[in-house]
Amino acid sequence: MPKQLAYLYDNTIPIYFDSGIGNEYRRQEKMYERLLKFYKGINNEVQFQFYNHDNKKVNIGQHTIKFNLLDKENRSTKVSQDLTIVDAQKGIAKLSLTESQVRDLTSQFYNYSLQVSDDGETNTKIVYAGTDFDSSGKAEVISGIYPEFVTSTEITSFTTDGKVLKSSTVSADPENNSNQAIHTVQFDLDDFSGTIVIKGTLADTGAYATGNVADWFSITPDGEADESLDFTSFTGQKIYTFKGVYSKIAFDVQYTGATTDRSFGIGPLSVAGFVLGEHTGTTTGNVDVSAGADIFTGGSSFVFVFTDDDGVEQRKVVTVTGDGSTLEDYNHFINGFNLTTNGIPAKYNASKNSSGNIVIQNTINSNDNFKLLLQGLNKIYYRS
57 MPKQLAYLYD NTIPIYFDSG IGNEYRRQEK MYERLLKFYK GINNEVQFQF YNHDNKKVNI
117 GQHTIKFNLL DKENRSTKVS QDLTIVDAQK GIAKLSLTES QVRDLTSQFY NYSLQVSDDG
177 ETNTKIVYAG TDFDSSGKAE VISGIYPEFV TSTEITSFTT DGKVLKSSTV SADPENNSNQ
237 AIHTVQFDLD DFSGTIVIKG TLADTGAYAT GNVADWFSIT PDGEADESLD FTSFTGQKIY
297 TFKGVYSKIA FDVQYTGATT DRSFGIGPLS VAGFVLGEHT GTTTGNVDVS AGADIFTGGS
357 SFVFVFTDDD GVEQRKVVTV TGDGSTLEDY NHFINGFNLT TNGIPAKYNA SKNSSGNIVI
417 QNTINSNDNF KLLLQGLNKI YYRS
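Letter by letter, the sequence shown follows residues 57 to 440 of this note's numbering.
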């Protein structure tokens, strides 16, 4: 039987901390500096052993020692944190970097440095990586050694098909999976009542919403008796798993009481006659609300989605003003959207046009994209 040797030991870096470093009486000369390596996909621990110029261990019990990882090319500090004292008398301190800390670092070479301050004092001393007054060591962040965290695919795009919302399509990465591949989905729900069905295909087909429906089939998650996942006024996160090899994955979402109306006959968007989904610049409802009839339910809500100045998608709940016990006129819809406290930037505005229809628009950028969504299903996350 072939055997492979494996070594398990503490990763210890020698460090020199003494005023005698570099003088003519030094007895130890360090000929080279070992590269400090951090590996992605795992927690990393490094011990630092502190010596004086006689190669004697230094008591570090009265010191605070900070580790700095520096990106010299971009002139930035990537990590700055205190070491943990392991054995003060023997001069041993430990650096612990979590998997998530290393995950955010680019795989490349870095410089690192240590600085020491006496407890209760503000004076900071230089710590040397070698006996030649070199105060910085070399470090490398390496990927591809351990399995790394992979961000889940977020699904927020849906197409209306009758009474059903059909999601965008996500690759199931069949080339990376065996027959027992585990797939995980997470639903982010907010007072959702309805049914969600996971759809899969083995075909190299196009988008689920516009492709051949015969190429797709329903998937029953592990532990569930039926492919239909039913919810009633549910708020929170629901996670499901299923196994197998699939080419692509998608989702059907049907709200309880949905109709073939432009907004499924649900909530204030339906009352005003808006079309669900993404719009550019402006969108107008097809219902004349100018008669002043009390047609909106106070307290009912919908979701407005926009992209902020940093390119991050923001989701804000718009609530028709009122306590929910009475019906309200169109002003309660408009006031609920234009409130300064709902987190929607002032450039987005709701108003009534001369035909009595409610208009939602970006008053500054006519090319801006935003979405009108039903409250209930916020996001779907998927990974295989």
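Note that CB positions come from ideal geometry on N, CA and C, so glycine has one too.
Close-in-space but distant-in-sequence residues of the same chain around residue i (CB under 6 Å, 5 per side omitted)
i: residue 399; result: 372
i: residue 331; result: 318
i: residue 239; result: 298 and 440
i: residue 290; result: 245 and 248
Contacting residues, own chain, Cβ-Cβ under 7 Å from residue i (five flanking each side not counted)
i: residue 271; result: 257, 259 and 261
i: residue 168; result: 92, 123, 124, 125, 126, 192, 193 and 195
i: residue 268; result: 261
i: residue 199; result: 96 and 163
i: residue 303; result: 228, 230, 257, 258, 259 and 260
Beta-carbon separation (whole angstroms), residue i vs residue j, contact threshold 8 Å
i: residue 405; j: residue 396; result: Actually they do not touch by this definition, with Cβ atoms about 12 Å apart.
i: residue 359; j: residue 430; result: 7 Å
i: residue 277; j: residue 298; result: 5 Å
i: residue 345; j: residue 412; result: 6 Å
i: residue 221; j: residue 309; result: 4 Å
i: residue 248; j: residue 392; result: Wrong, their Cβ atoms sit about 21 Å apart, outside the cutoff.
i: residue 157; j: residue 135; result: 7 Å
i: residue 161; j: residue 197; result: 5 Å
i: residue 438; j: residue 305; result: 6 Å
i: residue 355; j: residue 378; result: 6 Å
i: residue 173; j: residue 120; result: 5 Å
i: residue 4; j: residue 353; result: Here the chain comprises residues numbered 57 to 440, so residue 4 is not present and cannot be evaluated.
i: residue 139; j: residue 165; result: About 22 Å separates the two Cβ atoms, so there is no contact after all.
i: residue 313; j: residue 322; result: 7 Å
i: residue 212; j: residue 435; result: 6 Å
i: residue 111; j: residue 145; result: So it is not a contact: roughly 16 Å between Cβ atoms.
Residue i (DSSP reduced to helix, strand or coil)
i: residue 333; result: strand
i: residue 239; result: strand
i: residue 119; result: strand
i: residue 357; result: strand
i: residue 386; result: helix
i: residue 250; result: strand
i: residue 426; result: strand
i: residue 200; result: coil
i: residue 270; result: helix
i: residue 325; result: helix
i: residue 78; result: With a pLDDT of only 39 at residue 78, under the threshold of 50, the placement of this residue in the model should not be trusted; the figure read from the coordinates follows. If DSSP states are grouped into helix, strand and coil, residue 78 belongs with coil.
i: residue 231; result: helix
i: residue 392; result: helix
i: residue 174; result: strand
i: residue 369; result: strand
i: residue 291; result: strand
i: residue 342; result: coil
i: residue 264; result: coil
i: residue 280; result: coil
i: residue 377; result: coil
i: residue 99; result: coil
i: residue 195; result: strand
i: residue 449; result: With the chain covering 57 to 440 only, the question about residue 449 has no answer from this structure.
i: residue 244; result: strand
i: residue 275; result: strand
i: residue 397; result: coil
i: residue 92; result: strand
i: residue 421; result: coil
Sheet register partners of residue i (DSSP bridge)
i: residue 411; result: In DSSP, residue 411 forms no bridge with anything.
i: residue 431; result: In DSSP, residue 431 forms no bridge with anything.
i: residue 210; result: 437
i: residue 71; result: 106
i: residue 305; result: 226 and 256
i: residue 126; result: 133 and 167
i: residue 285; result: 252
i: residue 320; result: According to DSSP, which records beta bridges pairwise, residue 320 is partnered with nothing at all.
i: residue 406; result: 416
i: residue 219; result: DSSP lists no partner for residue 219.
i: residue 297; result: 240
i: residue 363; result: 369
Residue i CB to nearest heavy atom of the ligand SAH below 8 Å
i: residue 112; result: Annotation note on the ligand SAH: not contained in the displayed structure, which lists no ligands.
Contact set for residue i: own chain, Cβ-Cβ below 8 Å, skip 5 residues either direction
i: residue 217; result: 265
i: residue 423; result: 336 and 337
i: residue 79; result: No answer about residue 79 holds up, because its pLDDT of 43 lies below 50 and its placement is not dependable.
i: residue 409; result: 340 and 415
i: residue 402; result: 396
i: residue 90; result: 69
Considering only residues of the region 134-165, which uninterrupted alpha helix (DSSP H) runs meet the minimum length of 4 residues and lie entirely inside it, listed in chain order?
155-159
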